[in-house]
Amino acid sequence: MLAKRVIACLDVKDGRVVKGVNFVGLRDAGDPIELAQRYDEQRADEVVFLDITATSDARKTVVDLASRASEELHLPYCVGGGLRSVADIRQMIAAGADKISLNSAAVKAPELITQAAAAFGTQAIVVAIDAKAVAGNPNKWEVYVAGGRTPTGIDVLAWAREAARRGAGEILLTSMDRDGSRDGFDCALTRAVARAVPIPVIASGGVGKIEHFAEGIIEGEADAVLAASVFHYGEMTILDVKRYLASVGIPVRL
Amino acid sequence: MIAVIDYHKGNLMSVARGLEQAGAEVVVTDDPSAIARASAIVLPGVGAFADAMATLDELRISAVLRGAIAENVPFLGICLGLHLLYEQGEEGALEGADGQAWVLPQGLGVLKGTVRALPRTDEAGKSYKIPHVGWNSIERSPAFSEGKRSCALLEGIPDGEWFYFTHGYAAPLSDADVAFTIHSVTFPSVVMAGERAWGVQFHPEKSSDAGARLLSNFVALAR
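These protein sequence lines are chains Y and H, in that order.
Per our numbering, the very first residue in the first sequence carries number 2; after that it's consecutive.
Per our numbering, the very first residue in the second sequence carries number 2; after that it's consecutive.
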């Protein structure tokens, strides 16, 4: 049986980890590869490198990162942020990325998903969706783009279905309402998307305590759970999380 | 020297580095004579069945691989590299000229049978996500778990160990199976062809410690 996954996300700018990292024993707290290797030791199932560099001339640092990861990391990893074309994606895959994630560019030009899936296989294409609840309507969420700054008027469930139909292999679903709140995943949102698409859904945004991970999987029906700060700041290790998930009967790789 | 076969489809760094970290000297090559001289061969999993086999034929590598396996040169096929050990595969099949019969691409034919697409539902009608992507566990086949046969490649790796899989096609069950894995169907995840040739459906180079152990077992056999 496939294990439920615990994924660590690293925000990277100009090739360096940006969010403050308080991790005991790192030689270089800003090196994404070294941090990812620590997560490997803690039994992370996957790592996402999210490039938040705004300018396209900095793309080379991300390609270098993907290429170093292919040599030094023995885990599957996904690279996202700012990928706009099949050529951008091809660079990352050629550098060794197992998966890439698309966000704003796919909303702007959904055929990019179709083209990328045809060229590299559905397993390599993750569509990231930033979702925000629509006021006054408890079961409706809107897609936001440009790092969560711009509302699109697009319904999250409709977009998730279209992404899956076009060949997305996974949905990385971030609740903007919960992101940074430490109140736990938006399980209603996650469950609604998980039931709407036949592909795995990764829950993201809002983790504050260890129980939240189990809620995302059990109540949210997510196939994978993703977090960043609780791991970076060393509040809990990935191994703690996986032992906890195993203790409540969720199949995980230990 | 272990030859990692380059069939021009993608990044082989993680496989090469995984073997190097297990203590091997590695050459990534598409040169049949270098492959014939190697002390061991790794056929990584990149691309699709029909396409990969066409490239191996074109580069005149197929015959070298069949010869090396017959002579018990240590061989490890990873993912598609496992699939190519079989007679034929559905992936990349072409519709026949008469529009009726499907022409299945031929593999190396070291093992019997056809590699087929994983079904989307199990026998009970339950749906599964295809391709099968993620961490799944392996269990030894009865002959191996009962100790009647042994497999040096899996030494030190317990039943139930987790490996990283990403594939939409799987090999048929047969006597060649060393270990199997369950998704929508039960399929072989480790197979043995003769004395020293193996195929693994998962990616040891992406499977953290367990994968590193398997690669170092292989490197030890290649000495």
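All C-beta atoms, glycine included, are put in the ideal place defined by N, C-alpha and C.
With respect to the C-alpha of Val198/Y, the residue from Phe214/Y, Val108/Y and Val157/Y having the closest C-alpha is Val157/Y. By the C-beta density criterion, Trp103/H is exposed, having fewer than 16 other C-beta atoms within 10 angstroms.
For Thr115/H, the enclosing beta strand (DSSP E) starts and ends at Leu112 to Ala118. Judged by DSSP secondary structure, Phe232/Y falls within the alpha helix (DSSP H) whose first and last residues are Ser230 to His233. Asn140/Y: member of the beta strand (DSSP E) spanning Asn138 to Val146, first to last residue. A Cβ-Cβ distance of about 11 Å is found for the pair Ala41/H and Ile70/H, leaving them out of contact under the 8 Å criterion.
Close CB contacts of Ile239/Y within its chain, under the 7 Å cut and outside five residues either way in sequence, are with Val7, Ala9, Tyr40, Gln43, Arg44, Ala45 and Phe232 (chain order).
For the options Ala225/Y, Gly154/Y, Val48/Y and Phe121/Y, the alpha carbon positioned closest to that of Ala195/Y is the one of Ala225/Y. Interface criterion not met: the Cβ of His9/H is under 9 Å from no Cβ in chain Y. When C-alpha distances from Pro77/Y are compared across Val249/Y, Ile114/Y, Ile94/Y and Tyr234/Y, the shortest belongs to Ile94/Y.
Look at the stretch 186–216 of chain Y: the residues with a C-beta under 9 Å from a C-beta of chain H are Pro199, Ile200 and Pro201. With 16 or more other Cβ atoms from the protein chains shown falling within 10 Å of its own Cβ, His204/H counts as buried.
Here Ser34/H is exposed: its Cβ has fewer than 16 other Cβ atoms, across all protein chains shown, within 10 Å. Val208/Y and Gln89/H have their C-alpha atoms spaced approximately 48 Å apart. If you look at Tyr87/H, you'll find it in the beta strand (DSSP E) that goes Tyr87 to Gly90. Here DSSP, grouped into helix, strand and coil, assigns Asp52/Y to strand. Taking a 10 Å sphere around the C-beta of Leu109/H, we find 16 or more other C-beta atoms and assign the residue as buried. The stretch 55–62 of chain H makes contact with the stretch 6–19 of chain H, as at least three CB pairs between them are under 8 Å.
In this structure, the alpha-carbon of Gly148/H lies about 25 Å from that of Met2/Y.
Interface criterion met: the Cβ of Ala213/H is under 9 Å from a Cβ in chain Y. Each residue's CA atom was taken as its position, placing Gly83/Y and Arg192/Y some 28 Å apart. Interface annotation, Thr167/H: in contact with chain Y, CB-CB separation under 9 Å.
Considering only beta carbons, the part of the stretch 121–141 of chain Y lying closer than 8 Å to chain H consists of Gly122, Thr123 and Gln124, in chain order. In the DSSP assignment, the residues bridged to Gln107/H are Gln89/H.
Shortest Cα-Cα distance from Ala94/H to any of Gly157/H, His133/H and Tyr170/H involves Tyr170/H. With at least 16 other beta carbons inside 10 angstroms of its own, Gly81/Y counts as buried. Burial check for Glu206/H: the Cβ neighbour count within 10 Å reaches 16 or more, so the residue is buried. Identification of residues in the stretch 61–72 of chain Y having a C-beta nearer than 8 Å to some C-beta of chain H yields Ser68, Ser71 and Glu72, given in sequence order. According to the DSSP assignment, His84/H belongs to the alpha helix (DSSP H) that extends over Leu81 to His84. Counting along the chain, Ser128/H sits inside no alpha helix (DSSP H), nor does DSSP assign it H or E at all. A distance below 7 Å between beta-carbons, with the five flanking residues on each side excluded, links Pro120/H to the following residues of its chain, in chain order: Ser185 and Val186.
When secondary structure is reduced to three states using DSSP, Asp241/Y falls in the helix class.
Secondary structure note for His213/Y: its alpha helix (DSSP H) is the uninterrupted segment Glu212 to Ile219.
Distance from the CA of Ile34/Y to the CA of Glu143/Y, rounded to the nearest whole angstrom, comes to 34 Å.
Ala119/Y does not reach chain H, its nearest Cβ partner there being about 12 Å away, counting only Cβ pairs nearer than 9 Å. Minimum Cα-Cα distance from Asp52/H among the listed residues Gly126/H, Ser175/H and Leu85/H corresponds to Leu85/H.
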